[in-house]
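See structure below.
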Amino acid sequence: MMRLLLFCALLLLAPLRPLSADDQTCLRCHGMQSMAYLDPHTGGLRNLAIDPQTMAASSHGKLRCRSCHGPGFEAYPHFEEAKREALHCLECHKGNDRFPYALFESIEKGFTRSHHARALPDRFFCSSCHDPHAFHGLFQTRVEDVPKQVRQDNHICLNCHHNNERIKDMTGRLLPTLQRSHAWLPNLERHWQAVRCVECHTGSSRPQDHFILDKSLALRDCVACHARDSLLTSKLYLYRAEEERQKAGFVNALVLNNAYVIGMTRNLWLDWASLALLALTLLVLLGHGFARWLVNRKRAASNKEGDA
Amino acid sequence: MNTHSHSVTATGRTVQLYPLWLRIWHWSNALSFLMLIVSGASLHFAGSAWPLLPFDTARILHNLFGILLTVAYSGYLLANLLGQNGIHYRPQWQGLLGRLWQQAHFYGVGIFRGAPHPFPATARCKFNPLQQVTYLSVMFGGMPMLIVSGLLFFFPELAPERLLGMDGLWAVGITHYVLGLFLTAFMLGHIYLATAGETLTGEFGKMIFGAKVGEE
Chain X
1 MMRLLLFCAL
11 LLLAPLRPLS
21 ADDQTCLRCH
31 GMQSMAYLDP
41 HTGGLRNLAI
51 DPQTMAASSH
61 GKLRCRSCHG
71 PGFEAYPHFE
81 EAKREALHCL
91 ECHKGNDRFP
101 YALFESIEKG
111 FTRSHHARAL
121 PDRFFCSSCH
131 DPHAFHGLFQ
141 TRVEDVPKQV
151 RQDNHICLNC
161 HHNNERIKDM
171 TGRLLPTLQR
181 SHAWLPNLER
191 HWQAVRCVEC
201 HTGSSRPQDH
211 FILDKSLALR
221 DCVACHARDS
231 LLTSKLYLYR
241 AEEERQKAGF
251 VNALVLNNAY
261 VIGMTRNLWL
271 DWASLALLAL
281 TLLVLLGHGF
291 ARWLVNRKRA
301 ASNKEGDA
Chain D
1001 MNTHSHSVTA
1011 TGRTVQLYPL
1021 WLRIWHWSNA
1031 LSFLMLIVSG
1041 ASLHFAGSAW
1051 PLLPFDTARI
1061 LHNLFGILLT
1071 VAYSGYLLAN
1081 LLGQNGIHYR
1091 PQWQGLLGRL
1101 WQQAHFYGVG
1111 IFRGAPHPFP
1121 ATARCKFNPL
1131 QQVTYLSVMF
1141 GGMPMLIVSG
1151 LLFFFPELAP
1161 ERLLGMDGLW
1171 AVGITHYVLG
1181 LFLTAFMLGH
1191 IYLATAGETL
1201 TGEFGKMIFG
1211 AKVGEE
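Quick mapping for you: the protein sequence lines, in order, are chains X and D. Quick note on this note's numbering: the first sequence kicks off at 1 and runs consecutively. Quick note on this note's numbering: the second sequence kicks off at 1001 and runs consecutively.
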């Protein structure tokens, strides 16, 4: 029986890269699902468990533990200074040819100006939102399903903003519920299924913008999305449009372009055709009316002559 | 749009072609439709340089008058199904094409020559053949489809996920827009042809004060 179990375990772990001796040492403790400690400051549990399979499937799956966690973690118990140290994500991500267009330089610029970085300078890091042990490079892979992308991205925000304990832990206070702070937005659930939080809560139209605004500056303008030059087309739906062009061909994609936002047909050709139809209708009616007026005037004049 | 003068037969029995309920429905429908065109255009062309209503105002107006139009249309439908007015929409299929041509010829040629209206209003049929076919398709085809496609935006979860290979809600949105457009063109024609009665304003008067014809 034990042999069978061992065989099954080996089959499950077969696709994963072999763990280094170092990583095995780390996972001896952090591989346990129950690995956590009681935070003396907040009294809450801090999860320190790593799922090796999730880690292996993540963007960082090929890295060793020690690639990110410095020498302070070599010994156990880990050094207190090491525990307080933030991860230095940008050391690898900045100036890296794998991320073109100075992506992380731009992300860093946005993040340092963001409300998160300003309000919680010593407590908010990349890892506060992007779990490095599970994170997938969202926009580096092709997006096949916009709702899935929306769910995935919004989950990052909701991890804290839908979790009062976490918010209190981070900020020391409670925030109003999302339903309350978004009460002005019609069809709330529908919007949350179709739009990412960052579409309205960031300060530029760049897709990977990390310049999260203070809530008082968040976008509250329906027309920004419900218009032809929709904000969404330069962010989330940019990727969908690219896919549509590939699937449907360029001309078809132009005809069907930007057709997602509820209530809007948003098709330039259809707009022109509709205006042309109305203009033609008006022209025919006015022409007919003008001809009737001319004929009646002529008839009235000839009747007058006849009477005279 | 009727072109026949009021007439009373020797028996003295008359029929009201435009009963009060119909006139009330007609003008409430006209008001709602006008508001829906203005607010609909404001929603559709939001963000453009055209002088339109603010998006929020347009959204509320469109919802409000959409509901009003739906309620009024339900009453109109019931009254036509259960009452006498429905008979005016039932075409006589035999020889219909010829009669349609006759009416079209009148609008294209006869009206300029002072020819008499070929199909004066009667108690049996107050519409000419073109009116009858147009009203039948507009009121019992276009309008219900426009209303249903509009209502689906109140209950988007009921819209099909996919329709004709497209996102379901988008297909519904396109249907709503195209129908709204054709019915707007119909309304323009309807208002214009109302001036083509015996006098310029006579048909408007009938829809305000009613019109009686002798019973056959």
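Idealized CB from N, CA, C, for every residue including glycine.
Subject >> Selected residue, minimal CA-CA separation from Ile1067 (chain D), among D:Ala1121, D:Ile1024 and D:Leu1146 >> reply: D:Leu1146
Original post:
Excluding the five sequence neighbours on either side, which residues of its own chain have a C-beta within less than 6 Å of the C-beta of Leu1163 (chain D), listed in chain order?
Top reply: Ala1171
Original post:
Can you give, in chain order, each stretch of the alpha helix (DSSP H) that sits fully within the region 1092–1124 of chain D and has at least 4 residues?
Top reply: 1096–1105, all fully within the region 1092–1124 of chain D.
Original post:
For Asn1128 (chain D), which of helix, strand or coil comes out of DSSP?
Top reply: Three-state result, Asn1128 (chain D): coil.
Original post:
Shorter than 8 Å from the beta carbon of Val223 (chain X) to some beta carbon of chain D?
Top reply: yes
**OP:** Could you have a look at Ser234 (chain X) and say whether DSSP puts it in helix, strand or coil?
**Re:** Caution is warranted here: a pLDDT of 49 is assigned to Ser234 (chain X), below 50, making its placement in the model unreliable, and no coordinate value can be reported.
**OP:** State yes or no: is the C-beta of Leu213 (chain X) within less than 8 Å of the C-beta of Met170 (chain X)?
**Re:** Cβ atoms of Leu213 (chain X) and Met170 (chain X): not closer than 8 Å.
Original post:
Who are the neighbours of Thr1184 (chain D) on chain X, taking C-beta pairs under 8 Å?
Top reply: Ordered by position in chain X, the residues that pass the 8 Å Cβ test against Thr1184 (chain D) are Leu278.
**OP:** Please name the residues in the region 270–298 of chain X whose beta-carbon is closer than 7 Å to at least one beta-carbon of chain D, in chain order.
**Re:** Ser274, Leu277, Leu278, Thr281, Leu282, Leu285, Gly289, Ala291, Arg292 and Val295
Subject >> For Gly177 (chain X), the three-state DSSP class (helix, strand or coil) >> reply: Checking the sequence, you will find Thr at residue 177 (chain X) rather than Gly. Correct three-state label for Thr177 (chain X): coil.
Original post:
Less than 8 Å separating the beta-carbons of Pro52 (chain X) and Leu87 (chain X)?
Top reply: no
Original post:
Just how far apart, CA to CA, sit Pro1054 (chain D) and Val1038 (chain D)?
Top reply: Straight-line Cα distance between these residues: approximately 11 Å.
**OP:** Check Gly1150 (chain D) in the structure and name its three-state DSSP category.
**Re:** helix
Original post:
By Cβ distance below 8 Å, which residues in the same chain neighbour Ala49 (chain X) in space, the five residues on each side in sequence not counted?
Top reply: His30, Gly31, Met32, Gln33, Ser34, Met35 and Ala36
Original post:
Alpha carbon to alpha carbon, how far is Gly306 (chain X) from His288 (chain X)?
Top reply: 27 Å
**OP:** Could you list which residues in chain X have their beta carbon closer than 8 Å to that of Phe985 (chain D), in chain order?
**Re:** The shown model of chain D, from 1001 to 1216, leaves out residue 985 (chain D), and the question about it has no answer.
**OP:** Quick one: list the residues of chain X neighbouring Gly1189 (chain D), beta-carbon separation under 9 Å, in chain order.
**Re:** Thr281, Val284 and Leu285
Subject >> Gln1016 (chain D): first and last residue of the uninterrupted beta strand (DSSP E) it sits in >> reply: Thr1014 to Gln1016
Original post:
What is the residue span of the beta strand (DSSP E) that Gly1214 (chain D) lies within?
Top reply: Lys1212 to Gly1214
Subject >> Alpha carbon of Phe1155 (chain D) to alpha carbon of Leu1017 (chain D), nearest angstrom >> reply: 38 Å
Subject >> C-alpha distance - Asn303 (chain X) paired with His1117 (chain D), whole-angstrom precision >> reply: Roughly 21 Å between the two C-alpha positions.
**OP:** Please classify Asn300 (chain X): is it buried, with 16 or more other beta-carbons within 10 angstroms of its beta-carbon, or exposed?
**Re:** Sequence check: residue 300 (chain X) is Ala here, not Asn. Exposed, by the Cβ-count rule.
Subject >> Beta-carbon proximity list for Ala1058 (chain D), same chain, < 6 Å, skipping 5 on both sides >> reply: Ser1039, Ser1042 and Leu1043
Subject >> CB contact check: Gly1168 (chain D) to chain X, cutoff 8 Å >> reply: no
**OP:** Would you decide whether Gly95 (chain X) is buried or exposed? Buried here means 16 or more other CB atoms lie within 10 Å of its CB.
**Re:** Counting of Cβ neighbours within 10 angstroms places Gly95 (chain X) among the exposed residues, the total staying below 16.
**OP:** Please work out which residues of its chain come closer than 7 Å, Cβ to Cβ, to Phe332 (chain X), disregarding the five sequence neighbours upstream and downstream, and give them in chain order.
**Re:** Coverage of chain X is limited to positions 1 through 308, which leaves residue 332 (chain X) absent and any answer about it impossible.
Subject >> Selected residue, minimal CA-CA separation from His155 (chain X), among X:Trp192, X:Arg297, X:Ala57 and X:Glu91 >> reply: X:Trp192
Original post:
Can you name the start and end residues of the alpha helix (DSSP H) that Met35 (chain X) belongs to?
Top reply: Segment: none, Met35 (chain X) is in no alpha helix (DSSP H) and carries neither H nor E.
Subject >> Reduced DSSP secondary structure (H/G/I, E/B, other) of Leu1163 (chain D) >> reply: strand
Original post:
With distances taken from CA atoms, which of D:Leu1052, D:Leu1031 and D:His1190 is nearest Thr1134 (chain D)?
Top reply: D:His1190
Subject >> Gly1197 (chain D): contacting residues in chain X (beta-carbon distance under 9 Å) >> reply: None at all; the shortest Cβ gap to chain X is about 12 Å.
Original post:
How many angstroms separate the CA atom of Glu1215 (chain D) from the CA atom of Leu1200 (chain D)?
Top reply: 26 Å
Original post:
Which residues in the same chain as Leu1036 (chain D) place their Cβ atom closer than 7 Å to its Cβ, once the five residues preceding and following it in sequence are excluded?
Top reply: His1062, Phe1065, Gly1066 and Leu1069
Subject >> For Met55 (chain X), the first and last residue of its enclosing alpha helix (DSSP H) >> reply: According to the DSSP assignment, Met55 (chain X) belongs to the alpha helix (DSSP H) that extends over Pro52 to Ala57.
Original post:
Should Phe1204 (chain D) be flagged as near chain X, meaning a C-beta pair shorter than 8 Å?
Top reply: no
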